[in-house]
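Heads up: the structure comes next, in structure tokens.
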Amino acid sequence: MKTKLSLLFYLKKPKNYQKGPVPIYLRITVESKRTEFTTGRECEPSRWNAVAGRVSGAKEAVKSVNAYLGNLEQQLLDAHAALVRDSALTTAETIKNKFLGIGPKQRLLMVVIADHNERMKILIGQEYTIGTFKRYKVLERHTLTFLKSHYNTNDFDISRIDFAFIADYEFYLRSVRKMGNNAVVKHLKMFRKIINICLGNG
798 MKTKLSLLFY LKKPKNYQKG PVPIYLRITV ESKRTEFTTG RECEPSRWNA
848 VAGRVSGAKE AVKSVNAYLG NLEQQLLDAH AALVRDSALT TAETIKNKFL
898 GIGPKQRLLM VVIADHNERM KILIGQEYTI GTFKRYKVLE RHTLTFLKSH
948 YNTNDFDISR IDFAFIADYE FYLRSVRKMG NNAVVKHLKM FRKIINICLG
998 NG
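Counting from 1 along the sequence shown, just add 797 to a position and that's the residue number in this note's numbering.
Okay, here's the thing in structure tokens:
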């Protein structure tokens with residue numbers, strides 16, 4: 798999925814600033830949401846070209862800083878391209894983390910389903926019936942076999958679930974599991990509850 802990416806280098810004056818070099822920051826903006834971090838370089842405000850996002854001048858020290866900023870910009874673009882290529886969640890924060898080498902914390906689908914079912918098991922007779930619990934255990938089994946057959950994996954990063962995933966899952970239930978329409982609708986309704994739990998937990 799394509800996302801609109803904007804990179805901006807700017808000077809960020811510290812509180813009670815009076816004079817002297819100012820830290821150069823980089824702001825990453827994706828779909829109106831942004832994050833920022835320091836580049837580790839400084840510049841005198843009078844030498845900063847805000848339009849170009851670079852230091853003005855022809856001295857070797859200036860060229861060195863500008864080359865560093867250019868390289869930094871390219872690394873961020875590469876990080877963005879890598880996330881898009883991997884169909885990963887692409888936000889200002891994930892691009893920054895990709896650049897910094899901070900891996901995303903995976904939240905796995907089967908882990909969420911198993912946790913949901915264990916909680917439901919404890920509440921049988923209070924909030925849930927044994928029949929409802931058994932249906933969610935069927936959901937757990939079918940989801941696992943679907944992941945194995947379509948993705949050759951025992952679990953799946955929740956952030957990668959999209960419309961295509963749901964459509965493939967529905968087709969799997971109808972074609973491989975031979976479910977009737979009512980059964981498929983009920984099954985996907987239970988699956989939607991799992992997804993809503995994920996959304997509720999961010």
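Glycine included, each C-beta is placed from N, C-alpha and C at the ideal position. Note that the structure is predicted; figures quoted are calculated from it, not measured.
Could you give the DSSP three-state label for R904: helix, strand or coil? coil
Short check: CB of Y822 to CB of T832, under 7 Å? no
How many whole angstroms separate the CB atoms of I963 and V909, which I take to be in contact at a CB cut-off of 8 Å? At roughly 16 Å, the Cβ-Cβ gap does not stay under 8 Å, so I963 and V909 are not in contact.
Rounded to the nearest angstrom, what separates F943 and L970 at their Cα positions? 9 Å
How about R882 and I955: are their beta carbons less than 7 Å apart? no
Can you give the Cα-Cα distance for I899 and K934, rounded to whole angstroms? 35 Å
Short check: CB of V859 to CB of V852, under 7 Å? yes
How would you label A864, buried or exposed, when you count the other beta carbons within 10 angstroms and need 16 or more for buried? Burial call: exposed.
So that I know if they touch, is there some Cβ in chain C lying closer than 7 Å to that of T800? Here there is only one protein chain, and chain C is not present.
What are the boundary residues of the alpha helix (DSSP H) that T887 is part of? Here T887 belongs to no alpha helix (DSSP H), and DSSP marks it neither H nor E.
Supposed close pair E870, L804 - CB separation, criterion 8 Å: 6 Å
Provide the residue span of the alpha helix (DSSP H) that contains R938, from first to last. I927 to Y948
Are the beta-carbon atoms of P842 and L866 separated by less than 7 Å? no
Return yes when the Cβ of K895 is within less than 7 Å of the Cβ of L880, no when it is not. yes
Same chain, Cβ closer than 7 Å to E967, neighbours up to 5 away in sequence not counted: V981 and L985
Relative to the C-alpha of T888, which residue among W845, K856 and K830 is closest? K830
Going along the chain, which residues of its own chain have a beta-carbon closer than 6 Å to the beta-carbon of G850, five neighbours each way excluded? So the list reads F806, once near-sequence residues are dropped.
Do K810 and V791 have their beta-carbon atoms positioned less than 7 Å apart in this structure? No answer is possible for residue 791: it lies beyond the span of the chain, which begins at 798 and ends at 999.
E833 in three-state terms, based on DSSP: DSSP, reduced to helix, strand and coil, places E833 within a strand of the structure shown.
Please return the same chain residues whose Cβ sits closer than 6 Å to the Cβ of L936, not counting the five positions on each side in sequence. M987
Cβ-Cβ separation, D952 to M907 (assumed contact under 8 Å), whole Å: 4 Å
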